[in-house]
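Numbering (the working numbering), first residue to last: 117 to 398.
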């Protein structure tokens, strides 16, 4: 059967579409934002905005993976482009970026669909125009050793406790040579000063792997009606899945980097998005 390809949807907008420009941009970010090695990395929390805004924070996370061998990279986030229920695993065989092709672990995708039919579906349409997982691919291609595959997972409309089921599923399938990526941005649209204060607390709860504390922080912050703050994190299901899985695996957590869109040159500081990177490690 002919392999099907998921073509990039965000190239030319979120990151350069020209291969040489993209490689230079990613390599420069990885060099500039090189982070101290925190141990054997099992999972990361990374942002997913345009590289101009969140590239330095993403690079701080991916720089700790330089030349490490992983088998399967589980990339998860909440859908930003399609409406569906459950978890949609991409049904393509290959994901293509301007830097080349990366295989999808199709055998694992089918296995998860078959083992969790009420939760997991295989879908190409859910992923075809969404950027939240795609923007991770060039960083993976320039940081990891070759030979890895990916498992792209998008969360749709689900109960608030979906992370408990997804973490259990993940822990059942996760190997010691696999990596989990949770893709989320932080505060959306408050002033830069408000975002920094809010996101500092958000990052603290993520590092503590304290989901109940994180949810309380979210509720109390939104009840304060801070101007223009609409959400504290746009990838809640993937984020909480990783936090719970890391807790079950007794992993340590290290905050690697924080910035906001207001830090970019000539950017608006009255309405920003926050970006944080966290590593979970042995």
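All C-beta atoms, glycine included, are put in the ideal place defined by N, C-alpha and C.
No experiment lies behind these values; they were computed from the predicted model shown.
Nearest neighbour of residue 193, chosen from 315, 249, 131 [CA to CA]: 249
Short Cβ contact (8 Å threshold) for residue 337 with residue 348: yes
Of the residues 164, 155, 151, the one placed nearest residue 178, counting alpha carbons only: 151
CB contact flag (residue 173, residue 378, <8 Å): It is not a contact, given that the beta carbons lie outside the stated cut-off.
Per DSSP, cross-strand counterpart(s) of residue 184: For residue 184, which the question treats as bridged, DSSP gives no partner whatsoever.
Cutoff 6 Å; reference residue 304; Cβ partners in own chain excluding five residues on either side: For residue 304, where only same-chain residues beyond five positions count, the Cβ hits under 6 Å are 346, 347, 389.
Residue 199, buried or exposed, once every other Cβ within 10 Å from all chains shown has been counted against 16: Here residue 199 is exposed. Its C-beta has fewer than 16 other C-beta atoms within 10 Å.
Meets three-Cβ-pair contact criterion under 8 Å: the segment 144-159 and the segment 125-133: For the pair of segments examined, the segment 144-159 was found not to touch the segment 125-133: the number of CB pairs separated by less than 8 Å stays below three.
Reference residue 315, options 374, 290, 244, 362, closest by Cα: 374
From 344, 335, 138, 131, residue whose alpha carbon lies closest to that of residue 215: Between residue 215 and the set 344, 335, 138, 131, the nearest pair of CA atoms involves 138.
Beta-carbon spacing of residue 122, residue 243 below 8 Å: yes
Proximal residues to residue 209 (C-beta, below 8 Å), its chain only, five neighbours per side dropped: Same-chain partners within the cutoff: 119, 120, 121, 219, 220, 222.
Same chain, Cβ closer than 7 Å to residue 162, five either side skipped, listed in chain order: So the qualifying residues of the chain are 174, 177, 252, 297, 299, 393.
Coil, strand or helix - residue 299 by DSSP: strand
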